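Same order as they appear, the protein sequences are chains Y and D. Sequential numbering from 6 applies to the first sequence in this note's numbering. Sequential numbering from 6 applies to the second sequence in this note's numbering. Glycine included, each C-beta is placed from N, C-alpha and C at the ideal position. These numbers were taken from a predicted model, which means no experiment stands behind them. Note sheet for the following structure.
Number of protein chains: 2
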Amino acid sequence: MPWDTARTRRLLLEAGGRRFAATGFAGTSVADISRDAAVNKERLYAYFGNKRQFFDQVLAHRLDGLLDGLDVTGTGPDAVRDWTGRLWDRYAADRDMARLLAWESLELTGPAVTVHRLSACAGAARVLREVLPARDEAAARQLLLSLVVLVTGAWTLPGLGALITPDGDAATRRSAVLEHAEALARAAQPD
Amino acid sequence: MPWDTARTRRLLLEAGGRRFAATGFAGTSVADISRDAAVNKERLYAYFGNKRQFFDQVLAHRLDGLLDGLDVTGTGPDAVRDWTGRLWDRYAADRDMARLLAWESLELTGPAVTVHRLSACAGAARVLREVLPARDEAAARQLLLSLVVLVTGAWTLPGLGALITPDGDAATRRSAVLEHAEALARAAQPD
DNA sequence: TCACGTCCCAACCAAACGTTTGGAGATTCG
DNA sequence: CGAATCTCCAAACGTTTGGTTGGGACGTGA
Numbered sequence: 006m007p008w009d010t011a012r013t014r015r016l017l018l019e020a021g022g023r024r025f026a027a028t029g030f031a032g033t034s035v036a037d038i039s040r041d042a043a044v045n046k047e048r049l050y051a052y053f054g055n056k057r058q059f060f061d062q063v064l065a066h067r068l069d070g071l072l073d074g075l076d077v078t079g080t081g082p083d084a085v086r087d088w089t090g091r092l093w094d095r096y097a098a099d100r101d102m103a104r105l106l107a108w109e110s111l112e113l114t115g116p117a118v119t120v121h122r123l124s125a126c127a128g129a130a131r132v133l134r135e136v137l138p139a140r141d142e143a144a145a146r147q148l149l150l151s152l153v154v155l156v157t158g159a160w161t162l163p164g165l166g167a168l169i170t171p172d173g174d175a176a177t178r179r180s181a182v183l184e185h186a187e188a189l190a191r192a193a194q195p196d
Numbered sequence: 006m007p008w009d010t011a012r013t014r015r016l017l018l019e020a021g022g023r024r025f026a027a028t029g030f031a032g033t034s035v036a037d038i039s040r041d042a043a044v045n046k047e048r049l050y051a052y053f054g055n056k057r058q059f060f061d062q063v064l065a066h067r068l069d070g071l072l073d074g075l076d077v078t079g080t081g082p083d084a085v086r087d088w089t090g091r092l093w094d095r096y097a098a099d100r101d102m103a104r105l106l107a108w109e110s111l112e113l114t115g116p117a118v119t120v121h122r123l124s125a126c127a128g129a130a131r132v133l134r135e136v137l138p139a140r141d142e143a144a145a146r147q148l149l150l151s152l153v154v155l156v157t158g159a160w161t162l163p164g165l166g167a168l169i170t171p172d173g174d175a176a177t178r179r180s181a182v183l184e185h186a187e188a189l190a191r192a193a194q195p196d
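Written out as structure tokens, the structure is:
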């Protein structure tokens, strides 16, 4: 059997994403990850240095593409609603994403912001501004932030949902968030 | 020097709130809390059973009052903006609150929902519905959830803020959130 | 074929972890 | 007072942690 070091690396990164998303940095042991990946933990140290550097790699690997490819189709509040819906569906398809984002914010003092993610956000703000042309850059960014927080919060603060809408399911919440996103976009537009 | 067991308990609960808010349940050791409280850690076990039960007590102690006393003054979207602003200021005055809320959602599988918090949320939804009388119960709760998520997210997902609004400060974000809250309330109202 | 470097694993290590114990002062009640 | 009880602490317990090590299996170039 030949070696496949790229596969070993990938197995570790994937298992790290799963475990860190589930229990966070402090709540996950290297042995957990090693067991999930079915790879000896010594490999993690050989490839990534230590647990903390490995965590950074996992975050970059899983979060850099957060806003990539969420193109806007059309213009106006409807387009904003569409975009928000696609962001929601991205989280729904990759449950780990939102949780990793939350752990990053909570467990790291300074967010491990990569250049890639920064420019992706700038791109999203620019696109949003084209769609809602009347607002200035700052207002567009504030709107973008509210949209992302609204969607991300649904996945990272499930306790609030259970508390405030005890009988609500994900589909209802999704359509409510989209309605709210559209309302925000409409209000941001000049009349 | 006489004993003051109530004080010892309080010191532990306060230190637990600080430490858990800063580094979460898994990231905080009992020794950390004991050091912060200047109380022997054996007292924590004597009073609260174990680390996990102590965590639950800290959450209940600090989070039960989350929505208490946030009375609504006036009616209509302006009142909703006011209410949202008071929630924001509550978080600003007690930085631990939002973070504890986030840790609770992330680290506990089922949210440790207390009866007290559930009824407080029901009360808030009822008040909100009185302020915006046209909407049904479900829509009022969805709106309330969006407002709380919007405000809470600002404190629990600071990484997103740093990413999307790199130059923004708390005051600008506050007024943007209030503007958005008012817009949501306005959209929820019938014309 | 042999020697050298790479990949991998089991076993190991010291430190930190959650939790318990033994006993020293303080309080209470007879 | 004296014995029982309560509050508190220092030290210890066994386990788990992040991280390392020694050696065997494999690939590569001569």
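So, L189(D) versus A188(Y), is the Cβ gap smaller than 7 Å? The residue labelled residue 189(D) in the question sits at position 184 within the second sequence. The residue labelled residue 188(Y) in the question sits at position 183 within the first sequence. Yes; because the gap between Cβ atoms is below 7 Å, this pair is in contact.
To be precise: take each residue of the region 146–166 of chain Y, compare its Cβ to all Cβ atoms of chain D, and keep it if any distance is under 8 Å. Which residues remain? Of all residues in the region 146–166 of chain Y, R146, Q147, L148, L149, L150, S151, V153, V154, L155, T157, G158, A159, T161, L162, P163, G164, L165, G166 have a Cβ within less than 8 Å of some Cβ in chain D.
Could you spell out the range, first to last residue, of the alpha helix (DSSP H) harbouring R146(D)? As a working mapping, residue 146(D) is identified with position 141 in the second sequence. It spans 142–161 - the alpha helix (DSSP H) in which R146(D) sits, taken as one unbroken run.
Whose C-beta lies closer than 7 Å to the C-beta of F59(D) among residues of the same chain, with five residues either side of it excluded? Reading the second sequence from its first residue, position 54 is the one you call residue 59(D). Here the set comprises G21, L49, F53.
Please list the partners that T89(Y) has in chain D, where partner means a Cβ-to-Cβ separation under 7 Å. As a first step, residue 89(Y) must be located in the first sequence, where it is residue number 84. Within 7 Å Cβ-Cβ: nothing; T89(Y) doesn't reach chain D, min ~12 Å.
Please determine if the region 119–133 of chain Y and the region 61–70 of chain Y are in contact, where contact requires at least 3 C-beta pairs separated by less than 8 Å. Output reads yes: the region 61–70 of chain Y touches the region 119–133 of chain Y.
Which parts of the region 6–55 of chain Y are runs of the alpha helix (DSSP H), unbroken and 4 residues or longer, counting only runs that do not cross its ends? For the region 6–55 of chain Y, whole alpha helix (DSSP H) runs of length 4 or above, ordered along the chain, are 10–28, 35–42, 46–53.
With a CB to CB cut of under 6 Å and the five nearest residues on each side skipped, what residues in its chain are close to Q62(D)? Position 57 of the second sequence, counting from 1, holds the residue named residue 62(D). Correct list, in chain order: F53.
Determine the direct distance from the alpha carbon of L152(Y) to that of V85(Y), and round the result to whole angstroms. Sequence index remark: in the first sequence, residue 85(Y) carries index 80 (1-based). Sequence index remark: in the first sequence, residue 152(Y) carries index 147 (1-based). Their backbone Cα atoms lie some 9 Å apart in a straight line.
Can you give me the start and stop residues for the alpha helix (DSSP H) that V85(Y) sits inside? Here residue 85(Y) is taken as the residue at index 80 of the first sequence, counted from 1. Bounds of the alpha helix (DSSP H) holding V85(Y) are 81–98.
Need the endpoints of the alpha helix (DSSP H) that V5(Y) sits in, please. What is shown of chain Y runs 6 to 196, which leaves residue 5(Y) out entirely.
Just confirm the distance between the C-beta atoms of G158(Y) and G158(D), as a whole number of angstroms; I'd bet it's less than 8 Å. In the first sequence, counting from the first residue as 1, residue 158(Y) sits at position 153. In the second sequence, counting from the first residue as 1, residue 158(D) sits at position 153. At roughly 4 Å, the Cβ-Cβ gap stays under 8 Å, so G158(Y) and G158(D) are in contact.
Short of 7 Å in beta carbon distance, which residues of its chain neighbour G173(Y), apart from the five on each side in sequence? Order them along the chain. As a working note, residue 173(Y) is residue 168 in the first sequence. If you ignore the 5 residues before and after G173(Y), its C-beta comes within less than 7 Å of the C-beta of G166, all in its own chain and listed in chain order.
Closer than 8 Å by beta-carbon distance: list the chain Y residues that pair up with G32(D), in chain order. Locating residue 32(D) in the second sequence gives position 27, counting from the first residue. Taking a Cβ-Cβ threshold of 8 Å, the residues of chain Y close to G32(D) are G29, F30, A31, G32, E112, in chain order.
Look at the alpha carbon of L16(D) and the alpha carbon of M102(D), and state the distance between them as a whole number of angstroms. The sequence position of residue 16(D) within the second sequence is 11, counting from 1. The sequence position of residue 102(D) within the second sequence is 97, counting from 1. Rounded to the nearest whole angstrom, the CA to CA distance from L16(D) to M102(D) is 17 Å.
Note the first and the last residue of the continuous alpha helix (DSSP H) segment covering V77(Y). Numbered from its first residue, the first sequence carries residue 77(Y) at position 72. Bounds of any alpha helix (DSSP H) do not take in V77(Y), whose DSSP letter is neither H nor E.
Does any residue of chain Y have a CB that is nearer than 7 Å to the CB of E135(D)? By one-based count along the second sequence, residue 135(D) stands at place 130. E135(D) does not count as touching chain Y.
Quick check on T89(Y): buried or exposed, where buried means 16 or more other Cβ atoms within 10 Å of its Cβ? Taking the first sequence and counting its residues from 1, one reaches residue 89(Y) at position 84. Buried, because 16 or more other Cβ atoms sit within 10 Å of the Cβ of T89(Y).
Please report how far the alpha carbon of R134(D) lies from the alpha carbon of E109(D), in whole angstroms. For the purposes of this step, residue 134(D) is identified with residue 129 of the second sequence, where counting begins at 1. For the purposes of this step, residue 109(D) is identified with residue 104 of the second sequence, where counting begins at 1. Distance between the alpha carbons of R134(D) and E109(D): 28 Å.
Give the range of the alpha helix (DSSP H) segment to which C177(D) is assigned. Within the second sequence, numbered from 1, the residue matching residue 177(D) stands at position 172. Residue identity differs from the one stated: residue 177(D) is Thr in this sequence, not Cys. Here the alpha helix (DSSP H) through T177(D) covers 175–193.
Can you tell me whether G70(D) is helix, strand or coil according to DSSP? Taking the second sequence and counting its residues from 1, one reaches residue 70(D) at position 65. In the three-state reduction of the DSSP assignment, G70(D) falls in the coil class.
For V156(D), tell me which candidate among A176(D), L18(D), R12(D), A51(D) has the shortest Cα-Cα distance. Here the question's residue 156(D) lines up with position 151 in the second sequence. Checked all of A176(D), L18(D), R12(D), A51(D); the closest Cα to V156(D) is A176(D).
Can the beta-carbon of L148(Y) be found closer than 7 Å to that of A193(Y)? On the first sequence, position 143 is the one that residue 148(Y) refers to. On the first sequence, position 188 is the one that residue 193(Y) refers to. Contact annotation: L148(Y) and A193(Y) have beta-carbon atoms nearer than 7 Å.
Are R91(Y) and L75(Y) closer than 7 Å when you measure CB to CB? One-based indexing of the first sequence puts residue 91(Y) at position 86. One-based indexing of the first sequence puts residue 75(Y) at position 70. Contact flag set, yes.
Can you check whether the C-beta of H185(Y) is within less than 7 Å of a C-beta belonging to chain D? In the first sequence, counting from the first residue as 1, residue 185(Y) sits at position 180. The beta-carbon of H185(Y) is placed less than 7 Å from the nearest beta-carbon of chain D.
List the residues of chain D that W108(Y) touches, going by C-beta distances under 8 Å, in chain order. Within the first sequence, the letter at position 103 stands for residue 108(Y). What W108(Y) touches in chain D: L111.
Around the C-beta of P138(D), are 16 or more other C-beta atoms found within 10 angstroms, so that it is buried, or is it exposed? Taking the first residue of the second sequence as position 1, residue 138(D) is located at position 133. Residue environment for P138(D): exposed (fewer than 16 other C-beta atoms within 10 angstroms of its C-beta).
Three-state class that DSSP yields for L113(Y) in the structure shown: Residue mapping note: residue 113(Y) aligns to position 108 of the first sequence, counting from 1. In this structure, L113(Y) counts as coil in the three-state DSSP scheme.
Report all residues from its chain with a CB closer than 7 Å to the CB of D41(Y); omit the five preceding and five following residues, and keep chain order. Locating residue 41(Y) in the first sequence gives position 36, counting from the first residue. Only A20, R23, R24 meet the Cβ criterion.
Could you work out which residues of chain Y lie near R104(D), taking near to mean beta carbons separated by less than 8 Å? Here the question's residue 104(D) lines up with position 99 in the second sequence. Within 8 Å Cβ-Cβ: L111.
So which of R131(D), A43(D), A130(D), F30(D) has the shortest CA-CA distance to N55(D)? The residue given as residue 55(D) occupies position 50 in the second sequence. Of R131(D), A43(D), A130(D), F30(D), the residue nearest in Cα terms is F30(D).
Buried or exposed, going by whether 16 or more other CB atoms sit within 10 Å of the CB of P171(Y)? Walking along the first sequence from the start, residue 171(Y) turns up at place 166. That one is exposed.
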